[in-house]
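Residue numbers (our numbering): 59 to 538.
(1) Roughly how many angstroms lie between the CA atoms of residue 200 and residue 268, to the nearest whole one?
(2) Please report how far the alpha carbon of residue 354 lies from the alpha carbon of residue 410, in whole angstroms.
(3) According to the Cβ coordinates, are residue 261 and residue 312 closer than 8 angstroms?
(4) Measure the Cβ-Cβ separation of residue 480 and residue 332 and say whether it is below 8 angstroms.
(5) Decide if residue 386 is buried, meaning its Cβ has at least 16 other Cβ atoms within 10 Å, or exposed.
(6) Buried or exposed: residue 294, going by 16 or more other Cβ atoms within 10 Å of its Cβ?
(7) Quick check on residue 349: does DSSP put it in helix, strand or coil?
(8) Smallest Cα separation from residue 472: which of 439, 253 and 317?
(9) Is residue 348 buried or exposed, if buried means 16 or more other CB atoms sit within 10 Å of its CB?
(10) Indicate the three-state DSSP secondary structure (helix, strand or coil) for residue 280 in the structure shown.
(11) If you measure between the beta carbons of residue 128 and residue 139, is that distance less than 8 angstroms?
(12) Considering only C-alpha positions, which residue in the set 321, 210 and 356 is nearest to residue 391?
(13) Find out if the Cβ-Cβ distance for the pair residue 443, residue 492 is shorter than 8 angstroms.
(14) How many angstroms separate the CA atom of residue 224 from the CA atom of residue 371?
(15) According to the neighbour-count rule (16 or more other Cβ atoms, all chains shown, within 10 Å of its Cβ), is residue 523 buried or exposed?
(16) Any idea what DSSP makes of residue 369, helix, strand or coil?
(17) With three or more C-beta pairs closer than 8 angstroms as the rule, is the region 323-340 touching the region 269-288?
(18) In this structure, what does DSSP give as the bridge partners for residue 502?
(19) Which same chain residues, not among the five before or five after residue 44, have their C-beta less than 8 angstroms away from its C-beta?
(20) Bridge partners of residue 413, per DSSP?
(21) Measuring straight from C-alpha to C-alpha, what distance separates residue 235 and residue 135?
(22) Where does residue 436 land, buried or exposed, given buried means 16+ other C-beta within 10 angstroms?
(23) Who does residue 478 pair with in a DSSP beta bridge?
(24) Within its chain, find whatever has a CB closer than 7 angstroms to the CB of residue 188; leave out the 5 residues flanking it on each side and keep chain order.
(25) May I have the straight-line CA-CA distance separating residue 233 from residue 288, to the nearest angstrom?
(26) Just checking, does the region 138-152 make contact with the region 179-186 on the three C-beta pairs under 8 angstroms criterion?
(27) Am I right that residue 231 and residue 161 are in contact with their C-beta atoms under 8 angstroms? What's the rounded C-beta distance?
(28) Alpha helix (DSSP H) containing residue 394: first to last residue?
(29) Counting beta carbon pairs with one atom in the region 487-503 and one in the region 238-251, are three or more of them shorter than 8 angstroms?
(30) So, helix, strand or coil for residue 199, using DSSP?
(31) Look at the Cβ atom of residue 277, then the Cβ atom of residue 202, and state whether they are nearer than 8 angstroms.
(32) Once the 5 residues before and after residue 536 are set aside, which same chain residues still bring their CB inside 6 angstroms of it?
(33) So what does residue 225 bridge to, in DSSP terms?
(34) Check the C-beta distance from residue 486 over to residue 246 and give it rounded, since I have them as a contact under 8 angstroms.
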């Protein structure tokens with residue numbers, strides 16, 4: 059058992075939370091398909107700029123790893139959380155077509171869970187008696203492009219356990235008062251209908267954040283391509299017994315972890331390195347208008363020097379490295395910097411207009427190789443660096459997660475295109491302009507961040523998803 063990291067009364071929590079009305083994003087613009095697998099907007103350039111948005115001069119995006127909304131914020135008062143989750147359909151055993159009697163377990167911390175070790179009921183369950191936020195899980199959960207679509211199961215959300223390597227762990231959640239970042243969510247705005255952009259894992263979601271598009275790998279080895287049945291589901295190779303589920307679609311879009319051609323990258327066969335991409339990114343759009351920006355990565359200086367210094371640097375969490383404009387000798391490379399430079403800029407009051415901050419592996423909250431509390435405390439340090447610096451008065455900080463990490467959530471995503479969005483994840487808006495003690499139930503996805511940047515600085519949308527996305531402005535009150 060662990061100590062609580064926050065101490066507040068139930069009355070204090072309830073007094074800080076309120077709800078908003080659900081607000082659907084605008085319909086998509088007239089579009090045409092582009093080379094990156096999404097669509098480019100026509101004459102409609104998206105939603106108009108919200109009144110007062112020009113007061114915002116700095117946007118900071120802190121991009122954490124691999125937790126669903128219900129797994130962290132199920133207990134958040136007033137949010138679409140545990141009360142509704144407990145009414146959701148039970149997890150189905152595909153072998154019988156019926157609900158599991160108890161949750162199957164493969165996670166070491168849960169093998170003896172339940173009364174007298176008899177197992178846990180088929181329902182969301184509290185992790186705290188078995189696993190602390192200070193501990194790593196013994197397993198990573200399944201986060202694959204096709205598997206997540208199958209887990210969602212046309213909105214029933216009832217195959218997360220069956221199709222996860224970690225089985226019942228997918229249904230677990232932590233107490234709210236375990237989370238240092240929960241104090242920020244209670245004070246400012248928590249978005250409780252924010253969905254990660256693309257089905258599956260980290261690489262495609264990072265690339266989608268900065269481009270609203272999917273990377274392609276022309277001429278890739280066939281062994282990297284998914285093989286699908288008539289229903290669009292991966293098949294098992296009859297010789298090897300391996301599920302042929304990627305990391306590429308049959309037509310070569312990147313839907314799983316591969317390394318870039320540009321450095322730095324983890325060791326990989328040369329013919330499996332993703333060619334440098336050339337479609338536009340939000341960085342390109344900002345640079346074209348001489349608007350300063352940076353992608354700050356924890357451990358970047360070490361990685362470019364050839365080591366991760368024991369910090370578990372994740373090369374596939376660096377999306378700009380996958381683009382030709384940000385190769386080692388390209389001018390755009392100067393926008394890729396170490397997280398220490400973000401902290402220095404925050405202290406000096408020299409933050410660029412747009413900052414993306416990606417913590418190093420040990421501090422990004424990813425299950426199995428990192429723990430929640432290390433990531434939460436690091437995120438708090440990043441937030442406080444901005445809040446205690448000269449730029450705070452006109453800054454918005456967005457703290458969210460790249461994807462759900464294989465954890466279940468009870469709210470089904472509304473499918474927008476072949477890529478997603480995926481499962482619901484937490485998103486917290488922290489700013490002097492953020493609504494206070496507010497729950498924003500507007501439907502957002504990862505490209506809502508992109509849309510906010512575009513609308514604030516008058517940039518053309520990168521694709522159809524960001525062109526149509528609600529841009530997070532409902533989380534702000536620029537009159538305060």
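Backbone N, C-alpha and C fix where the C-beta goes; we use that ideal spot for every residue, glycine too.
Reading from the atomic positions:
(1) A straight line joining the alpha-carbon of residue 200 with that of residue 268 spans about 24 angstroms.
(2) Distance between the alpha carbons of residue 354 and residue 410 is about 11 angstroms.
(3) Yes, they are a contact pair.
(4) Result no, Cβ atoms of residue 480 and residue 332 do not sit closer than 8 angstroms.
(5) That one is exposed.
(6) Label assigned to residue 294: exposed.
(7) Coil.
(8) When C-alpha distances from residue 472 are compared across 439, 253 and 317, the shortest belongs to 253.
(9) Around the Cβ of residue 348, a 10 Å sphere holds fewer than 16 other Cβ atoms; the residue is exposed.
(10) Shown here, residue 280 sits in a helix according to DSSP, grouped into three states.
(11) Yes. Within cutoff.
(12) For the residues 321, 210 and 356, the minimum Cα distance to residue 391 belongs to 321.
(13) Remark: C-beta atoms of residue 443 and residue 492 do not approach each other more closely than 8 angstroms.
(14) Their backbone Cα atoms lie some 24 angstroms apart in a straight line.
(15) With 16 or more Cβ atoms within 10 Å of its Cβ, residue 523 is classed as buried.
(16) Residue 369 carries a coil assignment under DSSP once its states are collapsed to helix, strand and coil.
(17) Contact holds: three or more Cβ-Cβ distances are below 8 angstroms.
(18) In DSSP, residue 502 forms a bridge with 252.
(19) For the chain, the structure presents residues 59 to 538; residue 44 sits outside this window and is missing.
(20) Per the DSSP secondary-structure output, residue 413 pairs in a beta bridge with 118 and 352.
(21) Taking the straight line from one Cα to the other gives about 12 angstroms.
(22) Under this definition residue 436 is a buried residue.
(23) According to DSSP, which records beta bridges pairwise, residue 478 is partnered with 475.
(24) Shown here for residue 188: same chain residues with a beta carbon closer than 7 angstroms to its own, the five before and five after excluded, namely 167, 168 and 171 in chain order.
(25) Straight-line spacing of the CA atoms in residue 233 and residue 288 works out to 43 angstroms.
(26) Verdict: yes, contact present.
(27) Rounded, the Cβ-Cβ distance is 13 angstroms, inconsistent with contact.
(28) That residue, residue 394, is in no alpha helix (DSSP H); its beta strand (DSSP E) goes 394-396.
(29) Judged by Cβ distances under 8 angstroms, the region 238-251 makes contact with the region 487-503, as three or more pairs qualify.
(30) In this structure, residue 199 counts as coil in the three-state DSSP scheme.
(31) It is not a contact, given that the beta carbons lie outside the stated cut-off.
(32) Counting only Cβ-Cβ distances below 6 angstroms, and skipping sequence neighbours, we find 110, 113 and 491.
(33) For residue 225, DSSP records a beta bridge to 163.
(34) Contact flag correct, Cβ pair sits at about 7 angstroms.
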